[in-house]
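Down below is the structure, laid out as structure tokens.
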Amino acid sequence: MSRDRLSPDAFDALCASHRDGFSLPQAFYGDPRVHALDLERLWRRRWLFAGHASRIAQPGDYTLFKLGDDELILTRNAQGEARALFNTCTHRGSALCLEPCGHAAKFVCPYHQWVFDADGELRSARNMPDDFDKASFGLRRAHIRELESLLFVCFAEEPPDFEPFANAMRPHLKLHGLPRAKVAATRAYELRANWKLMAENFFECNHCPTGHPEYCKAMAGITPPPRVEDREAERAHVETQRAWVARRGLAQQLSFEAGGWFHLNHMPLRPGFVTQSLDGKPVAPLMGEHTAYEAPAFAIVAYPNFWFEAGPDVAVTLRTLPRGPQELSVEAEWLVHADAVEGRDYDLERVMGLWKATGEQDWALIENNQRGVNSSRYRPGPYSPASEGGCRRFVAWYLDQLRKA
Ligand code: FES
Ligand SMILES: [Fe+2]
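Residues in the sequence shown are numbered from 1144 upward in steps of one, following my numbering.
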């Protein structure tokens, strides 16, 4: 759809007004023209996390994935392969799927009943001549990949190489058994904030000591234990967990290597915590290749919209999608072993406890941030070199993407 565009000169002037090591000028957090550019140059070009593959477990299952004016039908064909089809009929453009998710043996357009299969091939076109070439009117496709049952899509004609990401993640994800997991709970949040404020928030733990008491209680290394003897015990515990990672030949950390777009790390828990729970105790049966509650927490970030945290018994995915210059959808999913039964093997409140609390604390901080950024007296401020380097790196990557015409 046509929109007011930022002229190349205005864009250059805006970029030039950004000072390295500082938060972004106000326009980046709310100008609709910057938002349009964000979608065009970044969101429509990158791999985006779409959700756990159980959304489309069986052939014919579908779920819609929306970005800007585009909707994709994510589905699975008869061979079990995931497909991403643009939700626009090749007859005269009607949306085909109207419900956010469901099951369809065929996709029948509600307007004039053209019929498509799960590969997007046109199977029948009512009232068209006998020699009508159906093969030329298949649904347009986007790219889709399935990595250890996590779905990623890309709107670009030529997507960035997915393999370096997949190769780095696969051995680490394997441990967590996501193909044998189920979604125990989902929470959707609509934030009144620009998506970059959420990203910046998640790239620093400067706010953790005051903002996230539950998280700090569980994780080693954020705030030191008050008693000296506890510090010693924590150091020893951290070493044990690092050794656990090393014994399995996994990386302690891989961080945005070669200007890359992904990061993973293992984060030691405090003594007395075997998973990211409120009380330190297990919340669900072991998942994947875990044979005991002894691993540190594991996290992934992939620009621009995938956040993942896992322990031996629960994994949490976060999917963010911008809906407007100051509107952001965040969807959180909690995954547990597929055979685990609620009420018998796990209690949902305990499964969700730490990340529900921590996430909701962040959503409030992010909305407060936006509220203040909208002030006529907002000016970009300096990132802490000691604890906000991740924000600086994110902003540099972001501006780099936008400069690629
Ligand atoms: S617009 Fe879909 S069949 Fe006419
Ligand atoms: Fe936070």
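Glycine included, each C-beta is placed from N, C-alpha and C at the ideal position.
DSSP assignment within the region 1409 to 1451 yields the following whole beta strand (DSSP E) runs of 3 residues or more, N-terminal first: 1440 to 1445. In this structure, residue 1254 has its beta carbon less than 7 Å from a heavy atom of ligand 1. Using a cutoff of 7 Å, the CB of residue 1350 counts as near ligand 2, since one of the ligand's heavy atoms is closer than that. Looking at 1532, 1434, 1286, 1442, the one whose alpha-carbon comes closest to that of residue 1419 is 1442. The beta carbon of residue 1204 sits no closer than 7 Å to any heavy atom of ligand 2.
Secondary structure of residue 1250 (DSSP, three-state): strand.
Excluding sequence positions up to five before and after residue 1284, its CB lies within less than 8 Å of the CB of 1226, 1227, 1228, 1229, 1263, all in the same chain and listed in chain order. Spatial neighbours of residue 1485 in its own chain (CB-CB distance under 8 Å, excluding positions within 5 residues in sequence) are listed in chain order as 1327, 1491.
Look at residue 1240: its beta carbon is at least 7 Å from all of the heavy atoms in ligand 1. Distances from the CB of residue 1354 to the heavy atoms of ligand 2 include at least one below 7 Å. Look at residue 1505: its beta carbon is less than 7 Å from one of the heavy atoms in ligand 2. Counting C-beta pairs closer than 8 Å gives fewer than three between the region 1297 to 1316 and the region 1235 to 1255, which falls short of the contact rule. Between ligand 2 and the CB of residue 1511, the shortest heavy atom gap is not smaller than 7 Å. In this structure the region 1352 to 1370 does not touch the region 1468 to 1477; the number of beta carbon pairs closer than 8 Å is below three.
A straight-line Cα-Cα distance of about 15 Å links residue 1269 and residue 1281.
Shown here, residue 1271 sits in coil according to DSSP, grouped into three states, outside any helix or strand. Between the region 1289 to 1302 and the region 1191 to 1201 there are three or more C-beta pairs closer than 8 Å, enough to call the two in contact.
When the beta-carbon positions are compared, residue 1439 and residue 1409 come within less than 8 Å of each other.
Around the beta carbon of residue 1222, fewer than 16 other beta carbons lie within 10 angstroms, which makes this residue exposed. Of all C-beta pairs linking the region 1330 to 1344 to the region 1509 to 1528, three or more are shorter than 8 Å, placing the two stretches in contact. Residue pairing by DSSP puts residue 1332 in a beta bridge opposite 1473.
Rounded to the nearest whole angstrom, the C-alpha separation of residue 1390 and residue 1365 is 25 Å.
Only residues of its own chain outside the window of five on either side were considered, and among them 1323, 1324, 1325 have a CB closer than 8 Å to the CB of residue 1481, listed in chain order.
Annotation: residue 1422 to residue 1476 spans about 21 Å, alpha carbon to alpha carbon.
Along the length of the region 1273 to 1338, whole beta strand (DSSP E) runs at least 3 residues long occupy 1284 to 1290, 1293 to 1297, 1324 to 1334, reported in chain order. Rounded to the nearest whole angstrom, the CA to CA distance from residue 1436 to residue 1287 is 34 Å.
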